[in-house]
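J.: Please find one structure pasted underneath; my questions will follow.
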Amino acid sequence: MSYSNTQDLVQAVTNSPDTIEFNDVVALIDSAFTFTPTTFTNGDVSNEANQNNGSCKLLALGQHLNLNQAQTLALFGRFYR
């Protein structure tokens, strides 16, 4: 399922998180935001800029949208399920 805006995605993550797919979320981010590769740390894992850009994008979007942990993890689609 593709999303035309972040409101559609928030509605999906709230009402039907099992329908979300990683590639659809990345496509939304790529169309709605300007992404700058950034170094980031997730738990004990550190990532250099341009390493794990997909995860970087989804985690940043989760913060931007004030999603909780479960909602943010749902953005990863089948990679998390």
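Residue numbering for the sequence shown follows my numbering, beginning at 4 and increasing consecutively.
Every residue gets a Cβ at the ideal spot worked out from N, C-alpha and C, and that includes glycine.
Quick caveat, the model's predicted, so the values are computed rather than measured.
Taking the CB atoms as reference points, tell me whether F43 and N53 lie closer together than 8 Å.
T.: No. Outside cutoff.
J.: Taking the alpha carbon of L70 as the reference point, which residue from R81, F36 and P20 has its own alpha carbon closest?
T.: Ranking R81, F36 and P20 by Cα distance to L70 puts P20 first.
J.: State the DSSP-derived secondary structure class of S7, mapped to helix, strand or coil.
T.: Coil.
J.: Select from N45, A73, N8 and Q66 the residue whose C-alpha is nearest the C-alpha of D27.
T.: Of the candidates N45, A73, N8 and Q66, the one whose C-alpha sits nearest the C-alpha of D27 is N8.
J.: Would you call T37 buried or exposed, if buried means 16 or more other Cβ atoms sit within 10 Å of its Cβ?
T.: Burial call: exposed.
J.: I think V29 touches G57, with their Cβ atoms under 8 Å apart; what is that distance to the nearest whole Å?
T.: That pair is a contact at about 6 Å.
J.: Would you tell me roughly how many angstroms separate the C-alpha atoms of I32 and V48, rounded to the nearest one?
T.: Approximately 23 Å, taken between the alpha carbons.
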